[in-house]
Ligand SMILES: Cc1cc2nc3c(=O)[nH]c(=O)nc-3n(C[C@H](O)[C@H](O)[C@H](O)COP(=O)(O)OP(=O)(O)OC[C@H]3O[C@@H](n4cnc5c(N)ncnc54)[C@H](O)[C@@H]3O)c2cc1C
């Protein structure tokens, strides 16, 4: 029996069957949805049911100096939730309750393992909704969304997850529990610790409760609009005009011709492949129909050759399925870059040039209204094929940075993008982040070696 086995008995005494061991039982908890591969098997998985369980697991890991990976639903695309060899996996999936819906203050208090779409559905019973809407909303958790500062389809109108979080309960690496933020609309007391934990990708603390902001469900039936363009650059210019125009929509997404083909093969909706790209989006509110028509006119002015407005959601559903459609084709070499909105046409032109130069096809879906692109490279599965595709992604990432953009708009850095971090952030900014990490987790047990 190793020292860690003996220590583990101590943790089992505290957690009972909330502690899982054995490769088969632990397998579903060891990796996320990215192509990052864990460096070995963990020693145990804790399926926490309370803040006290999280605190017990972390104080045990701290005393034993064992690395901990934190896991919501494991839909992350950056390798952030992957297990460590000989480490502890801390799963929040069982902490999945809505603790309060405070209609008068438009707030909800939830546990971190709650599935995002379930929170939204619960709020809708009260005429309210939870604005963050990642395409994975039906399978990811609110805690994971906060830890990655997730984006999604409605960001163009409501901002990212950070814009919907008022307060948090967090357990630190040594097991201490703290609270941040307030239920008020305004709160300027101390440093903004809520924001510090948002997007920290499991490296600074474990979120065990969140107070989130809600909005009233708009009146009337939403309208979905679409516009097909012969040129993806024209589609980019149309997006810039729409976002800067008087009637910005609730959702504004782009699928280029190759993505439409891939999505249609996986989830047929009768989508006709455009020559260049297709914009799809949604307007809401009593004047949704008129606003959707106005947006299609802007698209036509920017070269759209076919436009339409409908009151069904099928096109957006197709867009939501782009990730599983790409997975079904075995396509996983992708990026999550962001550019300033006015640079969209430039980035699309640049991506086409990079694809031609490398002789590899690239498909792009984008949360276009946010300037956030997911480009995926068609690559052979061999190590040489993967390396060639990675070179394409590197070039696209450098292009985005040259246009004033970012290496990650919403998925986070995790382990997959760690090498790109110094491309975007200067040495002092990196040092400051590592100092913050060291202050909160001096032994470096919490999600070590990732995100910063
Ligand atoms: C089909 C599909 C579509 C997607 N669409 C989008 C999209 O539109 N927008 C978008 O932003 N992302 C999208 N993603 C990525 C993913 O769904 C998001 O990153 C999501 O926020 C991850 O949530 P999760 O519960 O699965 O977290 P996990 O994958 O379990 O974890 C993600 C990160 O958060 C940390 N973490 C999780 N829970 C906690 C917690 N309670 N406390 C502290 N740290 C924690 C983990 O350690 C890890 O670093 C998509 C993924 C898929 C598979």
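In our numbering, the protein residues as written are 8 to 459.
For each residue, glycine too, the CB sits at the ideal point set by N, CA and C.
None of the values given here were measured: they were computed from a predicted structure.
Taking residue 238 as reference, the option from 257, 283 and 109 with the minimal CA-CA separation is 283.
If you compare the alpha carbons of 51, 100, 343 and 358 with that of residue 118, the shortest gap goes to 100.
When the Cα atoms are used, residue 16 and residue 424 turn out to be separated by approximately 36 Å. Per DSSP, reduced to three states, the secondary structure at residue 382 is strand. If you draw a 10 Å sphere on the C-beta of residue 74, you find 16 or more other C-beta atoms in it, and that means buried. Taking a C-beta distance under 8 Å as the contact criterion, residue 39 and residue 93 do not qualify as a contact pair.
DSSP places residue 222 in the strand class (E or B) of the three-state scheme. Here residue 171 has 138, 139, 219 and 220 as same chain residues with Cβ atoms under 6 Å from its own Cβ, once five neighbours each way along the sequence are excluded. Shortest gap from the CB of residue 214 to any heavy atom of ligand 1: under 7 Å. The beta carbons of residue 114 and residue 161 sit no closer together than 8 Å. The secondary-structure analysis by DSSP pairs residue 309 with nothing; it has no beta-bridge partner. The criterion of a C-beta distance shorter than 8 Å is not satisfied by residue 437 and residue 449. For residue 204, the enclosing alpha helix (DSSP H) begins and ends at 200–204. Judged by their CB atoms, residue 336 and residue 269 are nearer to each other than the 8 Å cut-off. For the pair residue 451 and residue 52, the Cα-to-Cα distance works out to about 19 Å.
Relative to ligand 1, the beta carbon of residue 84 is positioned inside 7 Å of a heavy atom. Comparing alpha-carbon positions, the option among 184, 89 and 108 lying closest to residue 65 turns out to be 184. Assignment of beta-bridge partners to residue 113 by DSSP yields no partner. Looking from the CA of residue 287, the closest CA among 300, 294 and 293 belongs to 300. Spatial neighbours of residue 226 in its own chain (CB-CB distance under 8 Å, excluding positions within 5 residues in sequence) are listed in chain order as 292 and 293.
Exclusion of residue 62 from the 7 Å shell around ligand 1 follows from its C-beta lying no nearer than that to any non-hydrogen atom of the ligand. Shortest Cα-Cα distance from residue 81 to any of 95, 55, 37 and 62 involves 37. An exposed status is given to residue 198, since fewer than 16 other beta-carbon atoms sit within 10 Å of its beta-carbon. Contact annotation: the segment 339–348 does not touch the segment 297–311, with fewer than three C-beta pairs closer than 8 Å.
Between the alpha carbons of residue 365 and residue 375 lies a distance of about 25 Å. For ligand 1, a non-hydrogen atom lies closer than 7 Å to the CB of residue 147. Residue 454 has its Cβ nearer than 7 Å to a heavy atom of ligand 1. Approximately 5 Å separates the beta-carbon atoms of residue 257 and residue 289; this is inside 8 Å, confirming the contact. The Cβ-Cβ distance between residue 384 and residue 400 falls below 8 Å.
For the 8 Å CB-CB criterion, residue 459 and residue 210 form a contact. A heavy atom of ligand 1 is found nearer than 7 Å to the CB of residue 155. Distance check between residue 228 and each of 296, 127 and 56 places 296 closest, using alpha-carbon atoms only. By alpha-carbon distance to residue 120, the top candidate from 146, 440 and 310 is 146. Annotated as distal: residue 188 and residue 79, with beta-carbon spacing of 8 Å or more. Nearest in C-alpha terms to residue 333, of all of 361, 381, 298 and 363, is 381.
Under the three-state reduction of DSSP, residue 155 is assigned to helix.
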